[in-house]
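Student: Questions regarding the structure given below will be posed in turn.
Residue numbers (the working numbering), protein chains in the order written: chain A, 58 to 137; chain B, 8 to 225.
Listed below in structure tokens is the structure:
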């Protein structure tokens, strides 16, 4: 699944226009995505360190598992 | 061209054709499960989606075996071109062409799914609708040219598949959950409810979640 870069952090971003509330992201990354009453995702806003391999892997699964391709991982570089 | 005339090739063609049709039925049904948001309690919705994706690859493999064994069987002349170009097979031109059309459509659906991250989602969805036409075409191909569909058991199987796809189609269009109801994702992880530590990784503390009760359960 690619090289895991240790530095920096990441957040999941959802495209609300593409999202259709399938809820797969919550099942695949329950620590990063919560679900609202109607099945739409509530994404954790605080960045997760990229060193958290498990969280990054679950985020990647969520991106891959989205039936509408509405998710992406946004990386945030460390402040120098 | 290699002209092999072993009856085993013919047997393989028939067997892989039947298995491919059965697998395509399952794949189509699982696709409607994904679209109608089935799962989330005993099995996850993502698991049904993964099964749909994985089984489709198995179906394509059986379809490839079906096609290759047909073409290399020298007893009937079909030719490699007839695998992708319809109406060029000297043997049973129309019936083979229907299978070719089904294969072309399946190929389009498959390639668009492989390129899913690179193409627009609307494009992918549009191409994915072809799978219904592809399935019906494959069914007609099986009914018209299948050696086994001359017998009762094969006809029963094809009729069963036809019934299954009609049910799947009707359910796909009329059984879709409405926007407000039935869209809650209850993940198996949530149902088991392990005593998770309220670490910083959780977006909400468990007791402050927007709705843990009063969800519309289907």
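Each residue gets a CB set at the ideal place from its N, CA and C atoms; glycine is no exception.
Out of B/90, B/99, B/158, B/55, which has the shortest C-alpha to C-alpha gap to residue 76 of chain B?
Tutor: B/90
Student: Going by DSSP in three states, residue 200 of chain B sits in which element: helix, strand or coil?
Tutor: A caution first: residue 200 of chain B carries a pLDDT of 44, below 50, which makes its placement in the model unreliable, though a value can still be read off. Note: residue 200 of chain B maps to coil in three-state DSSP.
Student: What residues in the segment 113-128 of chain B bring their beta carbon closer than 8 Å to a beta carbon of chain A?
Tutor: 123, 124, 128
Student: Excluding sequence positions up to five away, which residues of its chain have a Cβ less than 8 Å from the Cβ of residue 93 of chain A?
Tutor: 99
Student: Ends of the beta strand (DSSP E) at residue 67 of chain A?
Tutor: 66-71
Student: Identify whether residue 132 of chain B lies in helix, strand or coil by the three-state DSSP scheme.
Tutor: helix
Student: With residue 132 of chain A as the anchor, note down where its beta strand (DSSP E) starts and where it stops.
Tutor: 128-133
Student: Return the first residue and the last residue of the beta strand (DSSP E) that residue 126 of chain B is part of.
Tutor: First-last for residue 126 of chain B: undefined, no H or E at that position.
Student: Helix, strand or coil: which one does DSSP assign to residue 90 of chain A?
Tutor: strand
Student: Compile a chain-ordered list of the residues in the segment 78-101 of chain A whose CB is closer than 7 Å to at least one CB of chain B.
Tutor: 78, 79, 80, 81, 83, 84, 85, 87, 88, 91, 92, 93, 94, 95, 96, 99, 101
Student: Starting from residue 108 of chain B, trace the alpha helix (DSSP H) both ways and give me its first and last residue.
Tutor: Residues 100-121.
Student: CB residue 115 of chain A to CB residue 88 of chain A, shorter than 8 Å?
Tutor: yes
Student: Let me check understanding here. Comparing Cα to Cα, which of B/153, B/15, B/154, B/175 lies closest to residue 81 of chain B?
Tutor: B/15
Student: If we cut at 8 Å on Cβ distances, does residue 114 of chain A have a partner in chain B?
Tutor: no
Student: Does any residue of chain A bring its CB to less than 8 Å from the CB of residue 53 of chain B?
Tutor: yes
Student: For the beta strand (DSSP E) containing residue 14 of chain B, list its first residue and its last residue.
Tutor: Note, residue 14 of chain B: premise wrong, no beta strand (DSSP E); alpha helix (DSSP H) at 14-42.
Student: Considering only residues of the same chain and omitting the five flanking positions on each side of residue 111 of chain B, which have a CB-CB separation below 7 Å?
Tutor: Closer than 7 Å at Cβ, skipping near neighbours: 91.
Student: Excluding the 5 residues flanking residue 68 of chain A on each side, which residues of the same chain have their C-beta closer than 6 Å to its C-beta?
Tutor: 104, 131
Student: Is residue 99 of chain A helix, strand or coil when you go by DSSP?
Tutor: strand
Student: Enumerate in chain order the residues of its own chain whose CB-to-CB distance from residue 83 of chain B is below 7 Å, with the five nearest sequence positions on each side excluded.
Tutor: 98
Student: Can you give the beta carbon distance from residue 35 of chain B to residue 138 of chain B, rounded, assuming they're within the 8 Å contact cut?
Tutor: Confirmed, Cβ separation roughly 7 Å.
Student: Looking at the C-beta of residue 108 of chain A, does it have a partner C-beta in chain B at a distance below 8 Å?
Tutor: no
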